[in-house]
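J.: As they're listed, the protein sequences go chains A and B.
Just so we're aligned, residue 1 is where the first sequence starts under the working numbering, counting upward by one.
Just so we're aligned, residue 221 is where the second sequence starts under the working numbering, counting upward by one.
Number of protein chains: 2
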Amino acid sequence: MSYTVSEENYIKRIYHLQQETGLVNTNSLAAEMQTRAASVTDMLKKLKTKKLLQYEKYKGFKLNEAGKKAALDVVRKHRLWEYFLVEKLQFDWDKVHAIAEELEHISSEELVQRLDNFLGNPSFDPHGDPIPDRNGKIPVINQQNLGTIPLKKIVTVSSVGNQSAEMLDMLKHYHIALGTPISVLKRFEFDGSLEIKVLHRNACIISEQVAKNVFVHDVQ
Amino acid sequence: MSYTVSEENYIKRIYHLQQETGLVNTNSLAAEMQTRAASVTDMLKKLKTKKLLQYEKYKGFKLNEAGKKAALDVVRKHRLWEYFLVEKLQFDWDKVHAIAEELEHISSEELVQRLDNFLGNPSFDPHGDPIPDRNGKIPVINQQNLGTIPLKKIVTVSSVGNQSAEMLDMLKHYHIALGTPISVLKRFEFDGSLEIKVLHRNACIISEQVAKNVFVHDVQ
DNA sequence: AATAAAATTTAGACAAATCTAAAAATATTA
DNA sequence: TAATATTTTTAGATTTGTCTAAATTTTATT
Ligand SMILES: [Mn+2]
Ligand SMILES: [Mn+2]
Ligand SMILES: [Mn+2]
Ligand SMILES: [Mn+2]
């Protein structure tokens, strides 16, 4: 089965929302898609007809197994292309999302498989998000956000939660990138902000909000 | 200015047709686009409104300068992506057209420029067709078709005219690819077919129709 | 439980890109 | 040049994805 660009965008968005909330509701999807609730309802009917969705009027909805697989196909392509853009074309990691949002809809299966091989079958995209394999299997890592790790312990940045341009811009300013060694020197009880040390940089302070969106794992 | 996928496909097709015939007519464009004459007329009105086209009802049409530049942008992307697919992803040259037909519509200017650099600013695509630069300038080469070169002279294959899957498949069978050294041993007056010698291969015979679509230039 | 507020769906409209069938213009030919 | 054939355009319909405004359903609050 193959889907339109619009269908694919909806499917992927529903997938991400249901990872967080289980059932998804119309308004939150409309907000994510930057469209109107009425348009969402229209698309839900279509996706239900195509048997990708469990959906009862007024009761919320979520992807079924076929829907999840379809979503993971799009996610896989999105993240592989992001990896290509950063690793091969030297884009900054905060500039690739919009382009991958288009590239993820190119339909050739063989293209995706060859791209995957060309890139060396990467497991994580430039934002640290896992790249599903062609069967939809997702690699896992143990990671915690910066707010929860013990003081002085040196850890490695593995992914970022909030991936808005604003956030990525801020991380660039702090010289925080994937793989960056980092440690927490002090936790301020007043507002939850952290004094951190990035390798080769002076200590600096980040807000609790930033800390919660920086995920790290043990140095290998 | 940016255009829809459909507009870009029409613009590109008109460009290629007018290279051959000057003025283009509705039916031939409809045939090329695999659509109906009525649909072509609709699109012509749209492109005229967008000032890409000289068009008088019943009198034929052609792209103006703005239209040609728009077409060359699409051609440039198409051929750069084809080069990428063959040189980086190891696709066979006869498998890349349909995929490039999608990739050519990805809109980022920066992407195209970075791709161009990543590929080493190639001048010709895998079928030997010139790749316009970002200003729409097209590299030229002196080339003739195989039917017109002197017997025994060793020349190099530089491009192919007919690029149908059938033709490319046939050339693969003859071990004719871009850059292949080749010479004509004998010309048969009966049907215009040629006995040719491909380097490292036994002599063989190709039809006049094939010969006319194989372009060659002097060995450098 | 009744009322108000919020969330969701329906009804009806629109733009883009396509189609078929019919009308109009142009070209061919007897 | 008049009849015929071909080409092109128009008229009107259809599909997809979107919208606004109104109606309906669910949830929250007196
Ligand atoms: Mn997308
Ligand atoms: Mn990403
Ligand atoms: Mn195309
Ligand atoms: Mn080509």
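Ideal Cβ placement from N, Cα and C applies to all residues, glycine included.
Because the structure is a prediction, the values reported are computed rather than measured.
Within the continuous beta strand (DSSP E) that includes Val214 of chain A, where are the two ends?
T.: Per DSSP, Val214 of chain A belongs to the beta strand (DSSP E) from 214 to 218.
J.: At a CB-CB cut-off below 7 angstroms, which residues of chain A make contact with Lys308 of chain B?
T.: What Lys308 of chain B touches in chain A: Phe118.
J.: By the 9 angstroms beta-carbon criterion, what residues does the segment 90 to 106 of chain A contribute toward chain B?
T.: Residues passing the 9 angstroms Cβ filter: Gln90, Phe91, Lys95, Ala98, Ile99, Glu102, Leu103, His105, Ile106.
J.: What's the gap between the Cα of His16 of chain A and the Cα of Ala30 of chain A?
T.: If you take the alpha carbons of His16 of chain A and Ala30 of chain A, they lie about 13 angstroms apart.
J.: Please name the residues in the segment 237 to 256 of chain B whose beta-carbon is closer than 8 angstroms to at least one beta-carbon of chain A, in chain order.
T.: Those residues of the segment 237 to 256 of chain B that come within reach of chain A (Cβ to Cβ, closer than 8 angstroms) do not exist; the list is empty.
J.: Along the segment 328 to 352 of chain B, what residues have a CB closer than 9 angstroms to any CB found in chain A?
T.: Answer in chain order: Ser328, Glu330, Leu331, Arg334, Leu335, Asn337, Phe338.
J.: Looking at C-beta atoms only, is the number of pairs between the segment 333 to 351 of chain B and the segment 103 to 118 of chain A that lie closer than 8 angstroms three or more?
T.: Touching, no.
J.: Any chance the segment 296 to 310 of chain B sits against the segment 349 to 365 of chain B, with 3 or more Cβ pairs inside 8 angstroms?
T.: Contact between the segment 296 to 310 of chain B and the segment 349 to 365 of chain B is present, because at least three Cβ pairs lie under 8 angstroms.
J.: Can a CB atom of chain B be found closer than 9 angstroms to the CB of Leu85 of chain A?
T.: True, the Cβ-Cβ gap to chain B drops below 9 angstroms.
J.: Three or more C-beta pairs closer than 8 angstroms, one from the segment 371 to 389 of chain B and one from the segment 306 to 316 of chain B: is that the case here?
T.: The segment 371 to 389 of chain B vs the segment 306 to 316 of chain B: in contact.
J.: For the segment 51 to 94 of chain A, which segments carrying the alpha helix (DSSP H) assignment without a break, of at least 4 residues, lie completely within its bounds, in sequence order?
T.: Correct list: 65 to 87.
J.: Is any heavy atom in ligand 2 found nearer than 8 angstroms to the beta carbon of Asp129 of chain A?
T.: Answer for Asp129 of chain A: yes, Cβ within range of ligand 2.
J.: Under 9 angstroms, do Val430 of chain B and Leu371 of chain B count as touching if we go by C-beta distance?
T.: Cβ distance not < 9 angstroms, so Val430 of chain B and Leu371 of chain B don't count as in contact.
J.: If you reduce the DSSP assignment to three classes, tell me which class Glu101 of chain A lands in.
T.: Reduced to three states, the DSSP call for Glu101 of chain A is helix.
J.: Is there contact between the segment 177 to 188 of chain A and the segment 155 to 162 of chain A, where contact requires at least three CB pairs shorter than 8 angstroms?
T.: Verdict: yes, contact present.
J.: Below 8 angstroms, how does it come out for the segment 265 to 272 of chain B and the segment 327 to 337 of chain B: are there three or more Cβ pairs, yes or no?
T.: Contact fails: fewer than three Cβ-Cβ distances are below 8 angstroms.
J.: On the criterion of 16 or more Cβ atoms from any shown chain inside 10 Å, does Tyr58 of chain A qualify as buried, or is it exposed?
T.: It counts as exposed.
J.: Three or more C-beta pairs under 8 angstroms: does that hold for the segment 301 to 310 of chain B against the segment 58 to 73 of chain A?
T.: As far as the Cβ criterion goes, the segment 301 to 310 of chain B does not touch the segment 58 to 73 of chain A, which means the pair count is below three.
J.: In whole angstroms, what is the alpha-carbon distance linking Lys186 of chain A and Ile196 of chain A?
T.: Their Cα atoms are separated by approximately 7 angstroms.
J.: Cβ of Val225 of chain B versus every heavy atom of ligand 3: is any distance shorter than 8 angstroms?
T.: Answer for Val225 of chain B: yes, Cβ within range of ligand 3.
J.: Using 10 angstroms around the beta-carbon of Val225 of chain B, count the other beta-carbons present and answer buried if the total reaches 16, otherwise exposed.
T.: Exposed, since its Cβ has fewer than 16 Cβ neighbours within 10 Å.
J.: Name, in chain order, the residues that DSSP records as bridge partners for Ser183 of chain A.
T.: According to DSSP, Ser183 of chain A bridges with A:Lys197.
J.: Sort B:Leu414, B:Ile234, B:Gln363 by Cα distance to Asp438 of chain B and report the nearest one.
T.: Taking only the C-alpha atoms, the option nearest Asp438 of chain B is B:Gln363.
J.: Check each candidate in B:Thr269, B:Thr241, B:Gly381, B:Val418 and name the one with the smallest Cα separation from His395 of chain B.
T.: Nearest of B:Thr269, B:Thr241, B:Gly381, B:Val418 to His395 of chain B, Cα basis: B:Val418.
J.: Ordered along the chain, which non-local residues of its own chain (more than five positions away) have a Cβ less than 8 angstroms from that of Leu335 of chain B?
T.: Hits under 8 angstroms: Leu300, Trp301, Phe304.
J.: Using 8 angstroms as the cut-off, classify the Cβ of Gln163 of chain A as near or not near the heavy atoms of ligand 2, replying yes or no.
T.: Checking the Cβ of Gln163 of chain A against ligand 2 gives yes.
J.: Following a CB-centred definition, is His78 of chain A positioned closer than 8 angstroms to any heavy atom of ligand 1?
T.: At least one heavy atom of ligand 1 is nearer than 8 angstroms to the Cβ of His78 of chain A, so yes.
J.: In this structure, does DSSP put Ser328 of chain B in helix, strand or coil?
T.: It is coil, neither helix nor strand.
J.: For Ser159 of chain A, does the three-state DSSP call read helix, strand or coil?
T.: Strand, per DSSP.
J.: Can you give me the C-alpha to C-alpha distance between Leu339 of chain B and Phe410 of chain B, rounded to a whole angstrom?
T.: If I take the Cα positions, the gap works out to 45 angstroms.
J.: What are the residues that DSSP puts in a beta bridge with Val244 of chain B?
T.: Bridge partners of Val244 of chain B: B:Phe281.
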